[in-house]
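Here the structure is laid out as C-alpha cells; the discussion comes afterwards.
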C-alpha cells in the first residue's frame with residue numbers, strides 16, 4: 005500500500021507550535037510519511053528564534069493526502085500575498101483527501117479559495133476575518149466541514165491532530181500516540197480562551213498588538229485580491 | 005535590568021514537542037531572551053524530519069538563568085554519553101536560577117549530577133531510570149524540588165512552561181501567554197496517561213519498543229559512568 009503523504013507548509017515567521025504540535029502527532033501515524041515543505045530549501049525562520057530546515061520545496065513535494073497550513077502573526081500576511089505559496093496550497097488541495105489549517109493558517113486556505121461556503125475556525129482574535137474569505141466562523145477548537153478541518157489558535161493544533169490521526173488510522177492508533185506523548189494536559193491556570201480569561205487578561209493580550217495585526221491582515225487581503 | 009536568559013539545549017534526534025512546546029511559551033515571557041543552544045552551529049535533527057537551526061553553540065552561549073533540557077528516544081543516550089553536552093549542562097546549571105527538563109531530558113540532568121537527592125519526573129515509560137541517577141520519582145506532570153523543575157512526557161513540557169513562566173514573570177503574565185496561544189486543551193480522547201489508557205493501548209505502545217529503549221538507556225548510563 006502506498007504511504008499516506010502528510011505535508012506541512014512552512015513560511016517565514018510562522019508560529020512554531022502551530023506547526024510542531026500537529027507534526028509531533030501526525031508523524032507518528034502508522035502508514036504515513038511526513039513532508040515539511042517550503043518555498044525553497046533554505047532554513048525558514050519561526051517566531052521563537054529557532055530556524056526550521058524543510059525536507060521538500062514546493063517544486064519537489066509529492067502529491068499530498070493531507071495538507072496542513074500553520075499560522076503565525078504577520079508572516080501569514082506575507083505568505084498569503086505570495087503567489088507561489090497560495091498556488092502551491094491550491095494545487096495540492098485539489099487532490100488532497102484532507103485540507104487543514106491551524107490558527108491563522110486558515111486565512112491562507114481562505115485566500116486560496118478553499119474555505120468558500122465552509123464552516124471554519126481560526127485564532128480567537130482573528131475570527132472576524134473568516135467571512136472575508138467566504139467562510140462562516142464556528143466557535144470550536146476543531147471544526148470539520150467535509151474534507152476541510154481547521155483548528156483554533158496555536159495549541160489547538162494538537163487537538164486537531166488527534167482528530168485527524170483517528171480519521172487516517174483509526175481511534176486506537178490515535179489513542180496510542182496520545183499515550184506516547186503523554187497528552188493528558190493539566191494547565192496550571194485556566195485562561196486559555198477568551199470566555200475563560202478575565203477581562204483584564206484579555207485587554208492586556210489585545211493591547212499587545214492584535215488590533216494592528218488585524219489591520220495588516222485586512223490590508224493584505226485587499227492586496228492578495230489584486231494579485 | 006539585564007534580560008533573563010532562557011536556554012534550550014538541543015541535540016540530534018530530540019523529540020520535537022519536548023523542545024518547541026515550552027519554547028513557544030517561554031519565548032513570550034516579558035523581560036526574557038531565549039537561546040537555542042547546540043554543540044555546533046549546524047542544523048540539528050529532530051524525531052519529526054524537520055531540522056532545527058540553533059542560535060548559539062555551547063562555546064558562545066551566555067550564562068543562562070533557566071536551562072531546559074528536552075528529551076527524546078535514543079538521541080538522549082548519545083547526548084548523555086557526550087562529555088561536552090553533559091559538561092555544558094553541568095556548568096550552566098551551577099549559576100542558573102532554574103534547572104529544568106522535559107521527558108527523558110531528566111536523564112541528561114541526572115548524568116550531569118543535578119538530580120541527586122531530588123524529587124523528579126520523566127516520561128512514564130522511563131521513570132524506573134530516575135533512581136539510577138540518584139532521584140526519587142514523584143508521580144506528577146510537573147515536579148518542582150528547589151530550583152529543579154522536571155516535566156513528564158513530551159506534551160507535559162507545555163504545562164511545565166506555564167509554571168516556569170509564572171515563576172519568572174508572575175501569574176498574570178503566564179495567563180496572558182495562555183490566552184495568546186489559546187491553551188484550553190480539549191483532547192478528543194482520554195488516553196494520555198498510563199492510568200487512563202486501556203491495557204490494550206498500553207500494551208500496544210510498550211510493544212513499539214520502550215523495552216528496547218530502556219535497555220539502551222541502562223547500557224548508556226553504565227557507559228556514561230565510565231567517562
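Protein chains in written order, with my numbering: chain A, 5 to 231; chain B, 5 to 231. Idealized CB from N, CA, C, for every residue including glycine.
- Residues of the region 170-186 of chain A that bring their beta carbon within less than 8 angstroms of a beta carbon in chain B comprise 170, 175, 176, 178, 179, 180, 182, 183, 184, 185 and 186, in sequence order.
- Within chain A, no residue has its CB atom less than 8 angstroms from the CB of residue 224(B), the nearest being about 21 angstroms off.
- The region 87-99 of chain A makes contact with the region 112-120 of chain A; the number of CB pairs closer than 8 angstroms reaches 3 or more.
- Separation of residue 45(B) and residue 200(A) (C-alpha to C-alpha, rounded to the nearest whole angstrom) is 42 angstroms.
- Secondary structure of residue 160(B) (DSSP, three-state): helix.
- The three-state reading of DSSP puts residue 24(A) in helix, counting H, G and I together.
- About 12 angstroms separates the beta carbons of residue 76(A) and residue 161(A), which is beyond the 8 angstroms limit, so they are not a contact pair.
- For residue 63(A), the number of other beta carbons within 10 angstroms of its own is below 16, and it is reported as exposed.
- Listed along chain B is no residue with a C-beta nearer than 9 angstroms to that of residue 123(A); the closest approach is about 17 angstroms.
- Short of 6 angstroms from the beta carbon of residue 68(B), and not among the five residues preceding or following it, lie these beta carbons of its own chain, in chain order: 9, 11, 96 and 100.
- In this model, residue 34(B) and residue 130(B) are separated by some 34 angstroms (Cα to Cα).
- In this structure, the CA atom of residue 15(B) is about 15 angstroms from the CA atom of residue 27(B).
- Taking a contact to require three or more Cβ pairs closer than 8 angstroms, the region 172-179 of chain B and the region 142-162 of chain B do not qualify as touching.
- Taking C-alpha positions only, residue 215(A) is separated from residue 32(A) by approximately 38 angstroms.
- Counting only unbroken stretches of 4 or more residues, the alpha helix (DSSP H) elements lying wholly within the region 15-65 of chain A are 20-30, in sequence order.
- By the beta-carbon neighbour count (other beta carbons within 10 angstroms, threshold 16), residue 204(B) is exposed.
- Close partners of residue 7(A) in chain B (Cβ separation under 9 angstroms) are lacking, with about 13 angstroms as the shortest Cβ gap.
- Every beta strand (DSSP E) stretch that sits fully inside the region 82-115 of chain B and reaches 3 residues is listed by chain position as 102-106.
- By the C-beta density criterion, residue 227(A) is exposed, having fewer than 16 other C-beta atoms within 10 angstroms.
- Taking a contact to require three or more Cβ pairs closer than 8 angstroms, the region 206-215 of chain A and the region 186-202 of chain B do not qualify as touching.
- Residue 215(A): member of the alpha helix (DSSP H) spanning 214-230, first to last residue.
- Within the region 34-55 of chain B, the residues whose Cβ lies closer than 7 angstroms to some Cβ of chain A are 38, 40, 47, 52, 53, 54 and 55, listed in chain order.
- Between residue 156(B) and the set 168(B), 169(B) and 141(B), the nearest pair of CA atoms involves 141(B).
- Annotated three-state conformation of residue 69(B) is coil, per DSSP.
- By the criterion of a C-beta distance shorter than 7 angstroms, residue 178(B) is surrounded in its chain by 166, 169 and 170, once the five residues flanking it on both sides are discounted.
- For residue 28(A), the nearest beta carbon of chain B is closer than 8 angstroms to its own beta carbon.
- Neighbours of residue 134(B) in chain A, taken as residues at a C-beta separation under 7 angstroms, are lacking, since the least C-beta distance is about 15 angstroms.
- Membership of residue 75(A) in any alpha helix (DSSP H) is not indicated, and neither H nor E is assigned to it by DSSP.
- If the five residues before and after residue 128(A) are omitted, its C-beta is found closer than 8 angstroms to the C-beta atoms of 156, 157, 197 and 198, all from its own chain and listed in chain order.
- Chain-order list of chain B residues neighbouring residue 196(A): 182, 183, 186, 187 and 188, by C-beta distance under 7 angstroms.
- Around the beta carbon of residue 22(A), 16 or more other beta carbons sit within 10 angstroms, so the residue counts as buried.
- The Cβ-Cβ distance between residue 119(A) and residue 150(A) does not fall below 8 angstroms.
- Residue environment analysis places residue 230(A) among the exposed positions, since fewer than 16 neighbouring C-beta atoms fall within 10 angstroms of its C-beta.
- Listed along chain A, the residues sitting closer than 9 angstroms to residue 205(B) by beta-carbon distance are 176, 179, 180, 182 and 183.
- With 16 or more other Cβ atoms from the protein chains shown falling within 10 Å of its own Cβ, residue 51(A) counts as buried.
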